[in-house]
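In what follows, a structure is listed as structure tokens, so that the remarks can point back to it.
There are 2 protein chains.
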Amino acid sequence: MALRHAVLAALLVGDGSDAGDTGGDSGGRGEYSGYQLAKAFDIGVANFWHALPQQLYAELAKLEKEGLVAGRQVIQETRPNKRLFRVTDAGLAELDAFAAASSKPSFIRDDLLVKVQAADSVDTGPVIEQLEERASVAEAKIELFGKVLRKMRGELDEEEFLRRGERIGPYLTCLRGLALEQENREWSMRVAAVLRERRAAHVER
Amino acid sequence: MALRHAVLAALLVGDGSDAGDTGGDSGGRGEYSGYQLAKAFDIGVANFWHALPQQLYAELAKLEKEGLVAGRQVIQETRPNKRLFRVTDAGLAELDAFAAASSKPSFIRDDLLVKVQAADSVDTGPVIEQLEERASVAEAKIELFGKVLRKMRGELDEEEFLRRGERIGPYLTCLRGLALEQENREWSMRVAAVLRERRAAHVER
DNA sequence: TCATCATAGTCAAGAAAATGACTATTCAGA
DNA sequence: TCTGAATAGTCATTTTCTTGACTATGATGA
Numbered sequence: 426m427a428l429r430h431a432v433l434a435a436l437l438v439g440d441g442s443d444a445g446d447t448g449g450d451s452g453g454r455g456e457y458s459g460y461q462l463a464k465a466f467d468i469g470v471a472n473f474w475h476a477l478p479q480q481l482y483a484e485l486a487k488l489e490k491e492g493l494v495a496g497r498q499v500i501q502e503t504r505p506n507k508r509l510f511r512v513t514d515a516g517l518a519e520l521d522a523f524a525a526a527s528s529k530p531s532f533i534r535d536d537l538l539v540k541v542q543a544a545d546s547v548d549t550g551p552v553i554e555q556l557e558e559r560a561s562v563a564e565a566k567i568e569l570f571g572k573v574l575r576k577m578r579g580e581l582d583e584e585e586f587l588r589r590g591e592r593i594g595p596y597l598t599c600l601r602g603l604a605l606e607q608e609n610r611e612w613s614m615r616v617a618a619v620l621r622e623r624r625a626a627h628v629e630r
Numbered sequence: 426m427a428l429r430h431a432v433l434a435a436l437l438v439g440d441g442s443d444a445g446d447t448g449g450d451s452g453g454r455g456e457y458s459g460y461q462l463a464k465a466f467d468i469g470v471a472n473f474w475h476a477l478p479q480q481l482y483a484e485l486a487k488l489e490k491e492g493l494v495a496g497r498q499v500i501q502e503t504r505p506n507k508r509l510f511r512v513t514d515a516g517l518a519e520l521d522a523f524a525a526a527s528s529k530p531s532f533i534r535d536d537l538l539v540k541v542q543a544a545d546s547v548d549t550g551p552v553i554e555q556l557e558e559r560a561s562v563a564e565a566k567i568e569l570f571g572k573v574l575r576k577m578r579g580e581l582d583e584e585e586f587l588r589r590g591e592r593i594g595p596y597l598t599c600l601r602g603l604a605l606e607q608e609n610r611e612w613s614m615r616v617a618a619v620l621r622e623r624r625a626a627h628v629e630r
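So the protein sequences, as listed, match chains A and B.
Take 426 as the starting number for the first sequence in our numbering and just add one per residue.
Take 426 as the starting number for the second sequence in our numbering and just add one per residue.
Encoded structure:
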């Protein structure tokens with residue numbers, strides 16, 4: 426019972442879609458199809474919540490049945506039809522209650538760290554490769570986040586934006602993603618270097 | 426099929442136990458009871474792999490059935506009897522294969538980040554409290570990790586240890602945990618401050 | 001023209017994980 | 001003497017996740 430809140434939070438951000446009707450302010454609430462949501466999840470929310478598209482579709486269906494989101498069919502001619510969802514007032518109330526309740530400790534699971542933990546007992550060759558691969562993926566994400574952040578804050582500088590901007594939630598979580606990936610890159614590169622040196626020393630010996 | 430590798434990696438570290446027999450080198454492999462493993466997981470492995478005690482017991486039983494770990498009964502008079510497990514050669518081979526295979530992308534899930542993402546639409550009061558709570562928990566972990574790292578490297582300084590120390594895997598993962606918690610603390614404090622300021626501005630308005 | 005990508009989903013089986021309760025014993029402290 | 005914490009586990013139910021399919025259409029590129 427927790428993916429639901431991530432979905433609600435992601436839906437709230439709204440916009441970023443190419444959905445025709447920009448008319449009618451819905452109280453800062455956006456509209457997404459399951460498909461769009463899946464993509465938004467991938468780049469934004471994935472920094473703190475991982476989920477597969479199938480889960481999102483299933484969760485949206487459940488949320489609709491419970492009245493926390495409202496869906497409407499959009500018939501398209503050039504594309505398959507889709508259903509757009511927006512958060513209802515009940516959904517907003519649910520999110521508010523969630524925010525007030527105590528948080529579960531954060532949950533992490535990382536194969537690569539397990540491999541590093543076992544580095545003294547296994548062949549480090551492939552592990553080094555994976556660390557370098559990860560560092561370069563992190564690098565790419567860092568650039569992406571930089572762009573996303575610049576776009577979100579527009580003309581304002583960061584301090585200014587955080588003080589007066591409307592809708593800073595996604596900005597703050599994106600900052601976290603950025604810091605995480607920077608840390609990820611630093612650590613991966615350092616560990617790769619350490620393991621490489623030790624391999625070299627081992628061969629010479 | 427992945428918790429198993431985290432368990433194997435954790436078992437390899439070994440030692441830290443008060444088990445009587447320190448005689449007989451087992452090739453750098455330690456021995457743990459399920460109970461001890463659960464505690465070791467909590468402080469060490471939990472930085473990159475979260476698991477409940479029940480899962481560990483279940484996984485140890487499976488691993489034993491498959492011959493990847495070997496258990497032996499230890500009869501105790503002052504305490505309930507226990508079973509100690511050590512990784513077998515087959516277990517080591519399994520870990521090695523795992524290390525060589527490609528890694529799944531890391532998996533993260535964090536309630537508090539979901540709340541921050543929704544910060545523009547919910548009451549931020551409780552969220553601020555939770556952020557501050559998290560910062561202080563992170564602070565405590567930072568100190569703990571500092572101690573653990575100092576203990577692991579002994580007399581040597583870090584560079585020296587990473588070059589010549591035996592068993593650096595757990596050290597490297599602990600470094601990661603440290604960096605993660607530092608980042609966690611910085612971010613939590615900053616976000617709490619930003620949200621506080623905005624609340625204040627909102628009231629004045 | 002054929003292949004493949006992007007859009008927009010749905011379904012079902014099986015593995016894994018979370019939850020919550022339950023059994024025992026010993027030791028320390030109120 | 002009673003309570004509660006630490007040690008050392010086990011069991012069963014439910015929920016959640018993962019895996020791997022399958023259905024369509026339109027646009028893009030070779």
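Glycine residues also receive a C-beta, built at the ideal position from the N, C-alpha and C atoms.
This structure is a prediction, so every number in the text was calculated from the model and none was measured.
Assuming residue i contacts residue j (C-beta within less than 8 Å), just tell me the rounded distance between them.
i, j, result
"B/R601", "A/W612", "5 Å"
"A/E517", "B/S546", "Sequence inspection shows Leu at residue 517 of chain A; the Glu mentioned does not correspond to that position. About 6 Å separates the two Cβ atoms, so the contact holds."
"B/V616", "A/L597", "5 Å"
"A/V512", "A/L428", "Going by Cβ atoms, the distance from A/V512 to A/L428 rounds to 15 Å, so no, they are not a contact pair."
"B/A431", "B/A476", "7 Å"
How far does the beta strand (DSSP E) with residue i in it reach, from first residue to last?
i, result
"B/Q498", "494–499"
"B/K540", "Here B/K540 belongs to no beta strand (DSSP E); instead the alpha helix (DSSP H) covers 536–542."
"B/V470", "Counting along the chain, B/V470 falls outside any beta strand (DSSP E), and DSSP gives it neither H nor E."
Using a C-beta to C-beta distance shorter than 8 Å, which residues of chain A count as neighbours of residue i?
i, result
"B/I593", "A544, D545, V619, R623"
"B/T598", "L538, V541, Q542"
"B/Q555", "S527, S528"
Per DSSP, what kind of secondary structure is residue i in: helix, strand or coil?
i, result
"B/G516", "helix"
"B/R454", "coil"
"B/R511", "strand"
"A/L437", "helix"
"A/G448", "With a pLDDT of 37 at A/G448, under the threshold of 50, the modelled position of this residue cannot be trusted; read the value that follows with caution. Reduced to three states, the DSSP call for A/G448 is coil."
Tell me where the alpha helix (DSSP H) around residue i begins and ends.
i, result
"A/T503", "Run containing A/T503: none; DSSP gives neither H nor E here."
"B/R623", "594–629"
"A/G590", "It is not in any alpha helix (DSSP H) - A/G590 carries neither H nor E in the DSSP assignment."
"A/S528", "Neither: A/S528 is in no alpha helix (DSSP H) and is coded neither H nor E."
"A/L488", "478–490"
"A/S561", "550–578"
Residue i versus chain B: which residues are under 9 Å apart at the beta carbon?
i, result
"A/E608", "R601, A604, L605, Q607, E608"
"A/R588", "V619, E622, R623, A626"
Which partner residues of residue i appear in the DSSP bridge assignment?
i, result
"B/I533", "A/I533"
Output, in chain order, the set of chain A residues within a Cβ distance shorter than 7 Å of residue i.
i, result
"B/L517", "S546"
"B/L520", "A543, S546, V547"
"B/L437", "A543, S546"
"B/A431", "V539"
Which residues of chain A have a Cβ atom closer than 9 Å to the Cβ of residue i, listed in chain order?
i, result
"B/I533", "A471, N472, F473, W474, H475, S531, F532, I533, R534, D535, L605"
"B/A427", "R534, D536, V539"
Under 7 Å Cβ-Cβ, which residues of chain B neighbour residue i?
i, result
"A/A524", "K540, A543, V547, D548, P551, V552"
"A/V616", "L597"
"A/A434", "V539, Q542, A543"
Please list the partners that residue i has in chain B, where partner means a Cβ-to-Cβ separation under 8 Å.
i, result
"A/L485", "Near A/L485 there are no residues of chain B at all, since even the closest Cβ is about 16 Å away, more than 8 Å."
"A/A495", "Those within 8 Å of A/A495 in chain B number zero; the least Cβ separation is about 16 Å."
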